[in-house]
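>
Protein chains: 4
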Amino acid sequence: MTALKSFASDNNSGAHPAIMEAVVRANQGDLKSYGDDEISINTDEVLKEYFGSRARIHYVTTGTAANVLGIRAVTHTYNSVLCAAQAHINNDECGAPEAFGGIKLVPIPSPDGKLTPGMIAPYLGHVGFVHASQPRVVSITQPTEVGKLYTLKEIEDIVEFAHDRDLLVHMDGARIANACAALDCSFFDMTTALDIDFLSFGGTKNGCLMSEAVIFLNPEIGQGFPYLRKQAMQLVSKMRFVSAQLDAYLTDDLWLKNARQANAMARRLAEKAGAVEGVEIKGTVDCNALFAHLPTEATDILLKKYYFYVWDEHDNTVRWMTSWATTEEMVDEFVEDIKKAMEAVA
Amino acid sequence: MTALKSFASDNNSGAHPAIMEAVVRANQGDLKSYGDDEISINTDEVLKEYFGSRARIHYVTTGTAANVLGIRAVTHTYNSVLCAAQAHINNDECGAPEAFGGIKLVPIPSPDGKLTPGMIAPYLGHVGFVHASQPRVVSITQPTEVGKLYTLKEIEDIVEFAHDRDLLVHMDGARIANACAALDCSFFDMTTALDIDFLSFGGTKNGCLMSEAVIFLNPEIGQGFPYLRKQAMQLVSKMRFVSAQLDAYLTDDLWLKNARQANAMARRLAEKAGAVEGVEIKGTVDCNALFAHLPTEATDILLKKYYFYVWDEHDNTVRWMTSWATTEEMVDEFVEDIKKAMEAVA
Amino acid sequence: MTALKSFASDNNSGAHPAIMEAVVRANQGDLKSYGDDEISINTDEVLKEYFGSRARIHYVTTGTAANVLGIRAVTHTYNSVLCAAQAHINNDECGAPEAFGGIKLVPIPSPDGKLTPGMIAPYLGHVGFVHASQPRVVSITQPTEVGKLYTLKEIEDIVEFAHDRDLLVHMDGARIANACAALDCSFFDMTTALDIDFLSFGGTKNGCLMSEAVIFLNPEIGQGFPYLRKQAMQLVSKMRFVSAQLDAYLTDDLWLKNARQANAMARRLAEKAGAVEGVEIKGTVDCNALFAHLPTEATDILLKKYYFYVWDEHDNTVRWMTSWATTEEMVDEFVEDIKKAMEAVA
Amino acid sequence: MTALKSFASDNNSGAHPAIMEAVVRANQGDLKSYGDDEISINTDEVLKEYFGSRARIHYVTTGTAANVLGIRAVTHTYNSVLCAAQAHINNDECGAPEAFGGIKLVPIPSPDGKLTPGMIAPYLGHVGFVHASQPRVVSITQPTEVGKLYTLKEIEDIVEFAHDRDLLVHMDGARIANACAALDCSFFDMTTALDIDFLSFGGTKNGCLMSEAVIFLNPEIGQGFPYLRKQAMQLVSKMRFVSAQLDAYLTDDLWLKNARQANAMARRLAEKAGAVEGVEIKGTVDCNALFAHLPTEATDILLKKYYFYVWDEHDNTVRWMTSWATTEEMVDEFVEDIKKAMEAVA
């Protein structure tokens, strides 16, 4: 087995050793199934320390499940969900919200994946009009699918705007740790304190094997979720192996260290690669994703050794992504190879 | 953390050490996501050695997902699926087939969960009648939900009957290993050789953490499955951690050793507990589940120390289930406690 | 165009002239669409006179729509609906409840299609158990699919039993008029007075062109129905042509006269055909359907001139059904032909 | 009952007398149900004369049903349907495609509701990428929701583009008659000759009571539709009353006369109202819808007597729509009132 040299996705990384150890440690004798075990019950309590005592936590195995089931639990099929056009729920889940939730998505164009009240407002007509899906949820991704961050104030504005209109706010937090690390705030600051109604809390991309959670913060929503999760094929029998991951993830600030490492490596790559003649880093690097222009020929050379995505063939943009497992050495080696590739095509 | 003394379900056990080691071993550096990694690709090949070169294998994380998605991939919503009334898909998946597949189940009464052509035939009318769901799949569980086994010949008869009527045959093989161990046959003998069209292949209950697969044997069905799995929220990003489990499971006959252990412990428990005055073991013990009559008062005493299910309150039946992790010592201790309980209530 | 001589179904009849006249009369100039017209609003009021002032009425065009949408409006996908195995929703709607509502049906065996609390009780286990669909609705058909009647007391008992267990009661009233005529009671007596929660109110089979309604009597359910009906493709734009039918249907007791005629003709047929040597009428004739045994050869002769269904080939049972449009002459001619057919095969 | 003075929608009109007569005429004695009657079978043949002998015709009662069921019959849930953002299926069906078909819509911005190959192309990436819904259908509306027309050549270009990419083309022809009348072509010219794969054929807006059809022209698609229609609650039992409408509609060019009248009245209104000082007709009037700017105060005066929609409050745009039932006198009276209103607010 040959490990990839990947700057493609934080999904390419394995699991952090401390999380793997927790999984191994969870493997002790018989325990109750389906989340009634001590590990899962304890992890619930740990998560409540982060999200507040009223949080209700439900573990699932994929980010798609977290997004779709969370949203489904709070909507009727005649509701609609407003999201950025490039949102993961709209673009990258093979129609899961529609097919498995009967959910109408209303995609709002946004270059950086961020929404504002002003961008949402035009899509809120037809309330009470029986021919139109009735808006019920605003879904935001933090950080967005292109690695951009909402400030806490920006989120607060969206929540206020939404709540004034009887809309719920969902946060797709598949990479929420990277956002909190970048903004130097806690999960609580980012969600509960801002009155976010429910979120998809991601662990997998930041060091878990596969562990995500739907977290309801608003006490009035999501009551039937346990049945829904079972029905949606997401109730893992040996749940301890999912919950134990998040327990370790939240111990000794592992989540934060991992996210800081990923973010720092992206900045390092941006600075060093951006300094290479002919390479242009697009925009700011808020978290652990960056976008670069470089000549197609240089990209082709790099792709022989490295794994990453050409984001837009038309303007020679590539996406590079770092993870908790990316090291300074890996970045520096990559930058060296970028230099060589650029020289080769100069 | 206090381990349970469980005779409740093979789901209460942890993972076999060899499987856990494989998961740990899979945690090496970056690999491609979503099943494009070497481990997953290699495990596909391993499974083909067991199920034949035409088998197409798709990993999922729960048995519910395996059942629902396999069936959904081969049915239109106007089709129906014939199954025993007590089938897992009918009774234990919180309506998943209906809600997430639009699937009409036709439950056929069967005390031991087994079907025969004669039991199925009366439900096959109305072919071509637009008001009636059109039968498309016969789903059998091997072993059944109450631990009974079809002989290979019985399965062969159902397949022949079904194929003569243009019906597909699905096997819910959540515990297929226990069945193969009991009947002393291979997975191939039990499925491919009998012309089963597709199956849910279970690993979790027999020693994995969470690893199941939908396996299509009939080359003409299930073409769109990869999209369907993604859409159904079951495409795990770090797939290596799922597939590595099955690789280890199939190495050095681990699956068989585990299943034999579970089955042997059930027989041991049946023999020893059945010899206790006042305890009656119901019927034969084909695999790793057994049902016993004993006085309610004795059950209540045992439940203070052990975890198992009262199956039917009306006739004082309990279900006891063993697993790969059940030892002779555990059985013998349990039998001793059964004796004591019976004496206490005598 | 040659009219059938049909004893097959009350669906084979056309529309009563008074109802057709109402449709023609509704065709006056422009009116608002989608039920906001005066005719529909007025018909709502007429229906409230029959079902009570709290009734909420929603018109649809098929009985399948009435059943599926009514039930869907009051259930989560993790709920189940208990019904007789031979219920229309289970047998004759091509899987619509499952496919378009994600509804889990729990079919209860019943030879005459009637349920009792005692028959329902065994299916109510597993409340709060996340693996099992949670019972929410008991659906009864009055009269049943084989023409049998619940007494008012029998319905009352089911409602009491259901409400005690937090279950709603749905009545499939596709032929409710025939039931009321037979039991000599009003719609109110049959539904609102018995605390039925919601019903499918049928007009089509008893003289309308196509007009059915979902009627919610329980004020706490069905709130989002207008959106659901639109989404379910059942919001007819020129609604006046649907509602006008029910207005006429309820004027001058037309519904009652029609139903009495249908019932009377069934009784007449039962008496006269039952008196023919070799013909046996099975059971009582409660409404407008009857079942008869006669030799296959006689059936074959009759089918050359008449249209009706062979109900069960194995025991030579045929179903005969009368409608509002069946006349004494039609019955008598049919009986004469039955006699001749029986003589021919004697 | 007071008829509206409506310029709001062609849905506000009643039925054409000839069509109502056909419905009355269809009310003769017993006929088979569910479309097996002579009237429906005959109407099938009539429609084949218009759409070609390979056309397969299925009647439904609403345009929403025609759109959703046609599309659903040719898609997997992991497919997507490309349409204009303002398409009826995206905007005006309360999420029916998503909820009742599991269909992913990809809305493409288009001011006049028309698509071109160039507008569609950017949305066709990710073929074979398991995370993305796979494009399968391009849906166009002719005329569009704002009354604009594709030329036959424009449609031909879309079809060629789509078929080259293995996409099917659906035409939402709720008002196809108005389009054919305006372009002076036949239904065949507009659909079959251009290789359209399937269409929603509308009758209701142009003089029927409620009669629409899903028509499959491509012989390789839509095979299971009869089951799907039944399951989708759209199989009307007394189908003759639906099909008879279309028979009359297609007799003696009634469809064409009606559509020409509606179109002519829209042009008349555009010309005469456009000549009123201060009133501006926006763009061309292709069919029977027109959009006008006039002062809010004038609109308010008119709304006291007439029924029509304010389309955009921000720029004082109103929509006026004519129908087969609109007369020169009605237009002229309306124009007089427009003049008065404008003078009053001058």
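Chains as they are written, first to last, in the numbering used here: chain A, 79 to 424; chain B, 79 to 424; chain C, 79 to 424; chain D, 79 to 424.
A virtual CB, placed ideally from N, CA and C, is assigned to each residue, including glycine.
Kindly indicate if chain A contains any beta-carbon less than 8 Å away from that of Gly92 (chain B).
Judged by the 8 Å Cβ criterion, Gly92 (chain B) is in contact with chain A.
> So, does the CB of Thr140 (chain C) fall closer than 8 Å to a CB anywhere in chain B?
no
> How is the beta strand (DSSP E) around Ser278 (chain C) delimited, first residue to last?
276 to 280
> Can you name the residues that DSSP bridges to Phe369 (chain B)?
B:Arg397
> Can you find a C-beta in chain A that's less than 8 Å from the C-beta of Ala310 (chain B)?
Closer than 8 Å: yes.
> In chain D, what lies closer than 8 Å to Val102 (chain C) by C-beta?
Met98, Val102
> Taking the alpha helix (DSSP H) that Lys126 (chain C) falls in, what are its first and last residues?
Run containing Lys126 (chain C): 116 to 129, per the alpha helix (DSSP H) assignment.
> Output needed for Leu227 (chain C): all residues of its chain with C-beta closer than 8 Å, excluding positions within five of it in sequence on either side, in chain order.
Gln220, Pro221, Ala257, Ala260, Leu261, Asp364, Cys365
> For the alpha helix (DSSP H) containing Asp242 (chain D), name the first residue and the last one.
230 to 242
> Please go through the same chain and pick out, in chain order, the residues whose beta-carbon is closer than 8 Å to the beta-carbon of Leu334 (chain A), but skip the five residues on each side of it.
Ala255, Cys258, Ala259
> Whose C-alpha, out of D:Val357, D:Gln312, D:Ala353, D:Cys286, is nearest the C-alpha of Ala93 (chain D)?
D:Cys286
> Could you have a look at Leu347 (chain A) and say whether DSSP puts it in helix, strand or coil?
helix
> Taking the straight line between their C-alpha atoms, what separation do you get for Asn394 (chain A) and Tyr387 (chain A)?
11 Å
> Can you check DSSP and say which residues form a bridge with Pro185 (chain A)?
According to DSSP, residue pairing for Pro185 (chain A) in a beta bridge involves A:Cys161.
> So if I threshold CB-CB distances at 9 Å, which residues from the segment 151 to 167 of chain B count as touching chain D?
His154, Thr155, Tyr156, Asn157
> Do the CB positions of Gly180 (chain B) and Glu176 (chain C) come within less than 8 Å of each other?
yes
> Which residues of the segment 196 to 229 of chain C have a Cβ closer than 7 Å to any Cβ of chain A? Give them in chain order.
Val208, His209, Gln212
> With DSSP collapsed to three states, give me the class of Ser264 (chain B).
coil
> By the criterion of Cβ-Cβ separation under 8 Å, what are the contact partners of Gly180 (chain A) in chain D?
Gly173, Glu176, Ala177, Phe178, Gly180
> Assuming Ala291 (chain C) is part of the beta strand (DSSP E), what are its boundary residues?
290 to 294
> I think Ala370 (chain B) touches Lys360 (chain B), with their Cβ atoms under 8 Å apart; what is that distance to the nearest whole Å?
7 Å
> Check each candidate in A:Glu127, A:Pro304, A:Glu407 and name the one with the smallest Cα separation from Val152 (chain A).
It is A:Pro304 whose Cα lies nearest to the Cα of Val152 (chain A).
> Out of B:Ala104, B:Pro200, B:Phe85, state which residue places its alpha-carbon closest to the alpha-carbon of His392 (chain C).
B:Pro200
> If you count every other CB in all the chains shown that lies within 10 Å of the CB of Arg307 (chain D), and 16 or more means buried, which is it?
buried
> Compute the beta-carbon to beta-carbon distance between Ser289 (chain A) and Gly281 (chain A), rounded to the nearest angstrom, for a pair I have assumed lies under 8 Å.
4 Å
> Going by C-alpha distance, which of B:Asp390, B:Ile218, B:Ala367, B:Ala348 is nearest Pro373 (chain B)?
B:Asp390
> What is the DSSP secondary structure of Val216 (chain D), reduced to helix, strand or coil?
Residue state, collapsed to three classes: strand.
> Counting along the chain, where does the beta strand (DSSP E) carrying Ile135 (chain C) start and finish?
134 to 138
> Cβ atoms of Met399 (chain C) and Asp190 (chain C): under 8 Å apart, would you say?
One thing to note: Asp190 (chain C) has its Cβ no nearer than 8 Å to the Cβ of Met399 (chain C).
> Quick one: Cα of Leu50 (chain D) to Cα of Phe279 (chain D), how far?
Coverage of chain D is limited to positions 79 through 424, which leaves residue 50 (chain D) absent and any answer about it impossible.
> Select from the segment 279 to 305 of chain B all residues with a C-beta closer than 8 Å to any C-beta belonging to chain D, and list them in chain order.
Gly302, Pro304, Tyr305
> What residues from chain B crowd round Lys335 (chain A), counting only those whose CB sits closer than 8 Å?
Simply none; closest approach about 18 Å.
> Rounded to whole angstroms, what is the Cα-Cα separation between Ala144 (chain A) and Ile293 (chain A)?
9 Å
> Just checking, does the segment 126 to 134 of chain A make contact with the segment 182 to 197 of chain A on the three C-beta pairs under 8 Å criterion?
no
> In terms of alpha-carbon separation, which member of A:Gly302, A:Thr140, A:Ile416, A:Asp273 lies closest to Thr377 (chain A)?
When only C-alpha atoms are compared, the closest one is A:Ile416.
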